[in-house]
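I have placed the structure first, in the form of structure tokens, so that the comments after it can refer back to it.
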Amino acid sequence: MSRAEQFTRAILDARLPVPDGLLDGAQQPAGRRFSVYRNNVAVSLTEALHQGFPVIAKLLGQENMDGLAALYLRAHPPTSPLMMHYGDSFPDFLEGLEQLSHLGYLGDVARLELALRRSYHAADATPLDAQHLGTLPPDTLLSSRLGFAPAMTVVRSAWPIHAIWAYNTRADAPKPQPGAQDVLITRPEFDPLPQPLPPGGAAWIALLQAGETLGTATEAVTSDFPDFDLSAPLALLIEGLALTDLSQ
Amino acid sequence: MFDRPDRSPRSNRLPDAAGVGYKPQHFQAILDAPGTVEWLEIHAENYMGDGGRPLAQLRHLSQHFPISVHGVGLSIGGEAPLDPAHLARLKHLVDWLNPASFSEHLAWSTHDSHFYNDLLPLPYTDDTLARVCAHIDQVQDTLGRQMLLENPSSYLAFAESTWAEPAFLHEIARRTGCGLLLDVNNVFVSATNLGYRPQDYIDAYPLDLVGEIHLGGHDEDADDHGRPLLIDSHGAEVVDPVWALLDYTLARSGPRPTLVEWDTDVPDWVVLEAEAARAAAALNAVKVAA
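Protein sequence lines correspond, in order, to chains A and D.
Counted from 1, the first sequence has number 195 at position 195 by this note's numbering; the numbering is strictly sequential.
Just remember that this note's numbering sits 248 ahead of the position in the second sequence, which is counted from 1.
Next comes the structure, spelled out in structure tokens:
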């Protein structure tokens, strides 16, 4: 077994003995000196998970989050040196844990936090001139297709994930009420902004992203959601500087 | 081998002055009140996103300060070939930023496609030497520039090592044309942990190849026998014996770009700036003496 193989196995599994041939300065076995590496790996990855999922950490409490981080780093060691992506598989991991199955919303809240992080690091884009949009005749607007900024994304959920997120990040947010919530993330400048979408909004944006015109997407969504009004989600996209392109 | 004559460590454009490891919470304070800080260092991996605030801040800072790009994820000592995707990301960043310096570590962090987010140690053998040199050749060829290689903090030694660390680093530099980043806190930590005099390490070290010096804080623990075990944490002030080792080094090397690292429990800017001022004073002392 190579040195790297010995090291990584013993780092991830503290029950394994310290690899042979590791010494202190007096040519004696290194013993607990090896624990420095075990500890560095565990502490740095636990810290990265706390930073990446602050709301999950708050919901679970420090101690539970530390315990989960220890399980997670062994089940899914990072596959990239980019810590900004650490935790890609954490939502699925949370949903797979029997002992957390009574907290069904955790996975989707983690997906929201992951999406916020991705939005933060997404490429910059020049937004569409909102004034120009306002001068278009309705027929022209409805026959238009939209391009979206890379920092824009939608997270759909059967749980009130925006309300849960807000309640745990803002002092003035109301207590979450039951119900499904789809969340639009835009990045008006540098800080991602999550906002709840009205019913039908997520499907409408998905159709627009697939290249449908505003008219076609709105018509399709209105058949399922008779009260759907494109002006509300369109305003969120414009104000969030999430539109980059308009073509016929 | 990389073309040596055109890219000696001294042709790096970092000034022989004090710098600090950049933390985003200090962005405005650095611009408003840099004090003695004349250059900044960033961790490459934190700027490998596609856009947003990190790259916007870096672009702005690079208009005011020389920047050193310090990699922590390339795994130069890894047993497998370097990750081509990561090397490509690094090239993209270096081409975009055109930094004054690029440095990495004599360590490994990736094995079997998993990344361990720590600088793990290497046995100093001929096999390791050949592998590290091949990886450094690849990095320098890809980036089209010389890199600096940093000495690690050691907590243990390998029975199979046949090289002393200073000679090992010297040989890597001789074969590849890379320069060296001398972390004097790491020297102090390793010397304490492995039972030698840090001054002996400096005396054996090829100081003419040093393109940059690092300083940082460490934690104190103990090993199984109750002997001190120092842990490189970058989470505290630099201790007096490490400042003394800096003076010892600078007296022999002459002034070099000297950086204070503080990565965990990051303090207010004034605290970090005061550490940089102490480094600047040490540099001034040798400039005056010369």
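Note that beta-carbon positions come from the ideal geometry of N, C-alpha and C, so glycine has one too.
If contact is defined by three or more beta carbon pairs under 8 Å, each pair taking one atom from either stretch, is the region 129-143 of chain A in contact with the region 33-47 of chain A? no
Notebook entry, point to check: Can you find a CB in chain D that lies within less than 7 Å of the CB of M84 of chain A?
Noted result: yes
For D229 of chain A and E219 of chain A, what's the separation of their Cα atoms in angstroms? 10 Å
Within chain A, partners of I479 of chain D - CB distance below 7 Å
V36
Check the C-beta distance from G464 of chain D over to V486 of chain D and give it rounded, since I have them as a contact under 8 Å.
-> 7 Å
Query - Given E289 of chain D as reference, the closest of D:F350, D:Q276, D:A382, D:P515 once Cα atoms are compared - result: D:F350
Alpha carbon to alpha carbon, what distance is there between Y372 of chain D and S409 of chain D?
-> One C-alpha to the other measures close to 4 Å.
Q. If we cut at 7 Å on Cβ distances, does G147 of chain A have a partner in chain D?
A. Interface residue (Cβ-Cβ distance to chain D less than 7 Å): G147 of chain A is not classified as such.
Since W356 of chain D meets chain A, which of its residues come closer than 8 Å, beta carbon to beta carbon? A4
Note the first and the last residue of the continuous beta strand (DSSP E) segment covering Y120 of chain A. Careful: Y120 of chain A lies outside any beta strand (DSSP E), inside the alpha helix (DSSP H) at 106-121.
**Asked** Which residue spans inside the region 312-365 of chain D form an unbroken beta strand (DSSP E) run of at least 3?
**Response** 315-318, 349-353, 356-359
- Message: Quick check on DSSP: helix, strand or coil for R252 of chain D?
- Response: With a pLDDT of 36 at R252 of chain D, under the threshold of 50, the modelled position of this residue cannot be trusted, and the question is left open.
| Rounded straight-line distance, which links the Cα of H462 of chain D to that of D456 of chain D | Their backbone Cα atoms lie some 16 Å apart in a straight line.
When you compare the CB of G321 of chain D with every CB in chain A, is at least one pair closer than 7 Å? yes
*asked:* According to DSSP, simplified to helix, strand and coil, what is S101 of chain A?
replied: coil
Exercise. Applying a beta-carbon distance threshold of less than 9 Å, which residues of chain D neighbour H50 of chain A?
Worked result: Result: empty, since nearest Cβ-Cβ is about 13 Å, beyond 9 Å.
>> Looking at the secondary structure, which residues open and close the alpha helix (DSSP H) in which E212 of chain A lies?
In response: From DSSP, E212 of chain A is part of no alpha helix (DSSP H); its letter is neither H nor E.
The region 509-523 of chain D contacting the region 265-281 of chain D, beta-carbon criterion three pairs below 8 Å: yes
Would you be able to state if there are at least three C-beta pairs under 8 Å between the region 489-497 of chain D and the region 430-450 of chain D?
A contact exists between the region 430-450 of chain D and the region 489-497 of chain D.
So if I threshold CB-CB distances at 7 Å, which residues from the region 366-394 of chain D count as touching chain A? D366, L368, P371
Report the option in A:Y167, A:Y72, A:T46 whose CA atom is closest to the CA atom of Q62 of chain A. A:T46
Legend entry - Closest Cα partner of S481 of chain D within the set D:D472, D:H473, D:T497, D:V508: D:V508
### Query
What do you get for V432 of chain D, buried or exposed, if any count of 16 or more other CB atoms within 10 angstroms of its CB means buried?
buried
Exercise. A527 of chain D to A537 of chain D, Cα distance in whole Å?
Worked result: Pairing A527 of chain D with A537 of chain D, the inter-Cα distance amounts to about 16 Å.
Checklist line | Residues of the region 54-81 of chain A with Cβ closer than 8 Å to any Cβ of chain D, in chain order | finding: P77, P78, T79, S80, P81
In the structure shown, what three-state DSSP assignment does R3 of chain A receive? helix
- Query: What residues from chain A crowd round H359 of chain D, counting only those whose CB sits closer than 8 Å?
  - Reply: A4, E5, F7, T8
Beta carbon proximity, E289 of chain D to chain A, threshold 7 Å | Cβ-Cβ to chain A under 7 Å: no for E289 of chain D.
Beta-carbon spacing of E293 of chain D, V320 of chain D below 7 Å: In this structure, V320 of chain D lies closer than 7 Å to E293 of chain D by Cβ.
Flag E509 of chain D as yes if its beta-carbon sits less than 7 Å from any beta-carbon of chain A, otherwise no. no
Can you check whether the CB of Q6 of chain A is closer than 7 Å to the CB of P17 of chain A?
no
* Taking the Cβ atom as the reference point for each residue, do P476 of chain D and T424 of chain D lie within a distance shorter than 7 Å? -> no
State the DSSP-derived secondary structure class of Q388 of chain D, mapped to helix, strand or coil. helix
- request: Can you give me the start and stop residues for the alpha helix (DSSP H) that W287 of chain D sits inside?
  value: From DSSP, W287 of chain D is part of no alpha helix (DSSP H) but of the beta strand (DSSP E) over 287-291.
Which value, in whole angstroms, describes the spacing of the CA atoms of E239 of chain A and G179 of chain A? 26 Å
Pick out the complete beta strand (DSSP E) segments inside the region 48-80 of chain A, 3 residues or longer, and give them in chain order.
none
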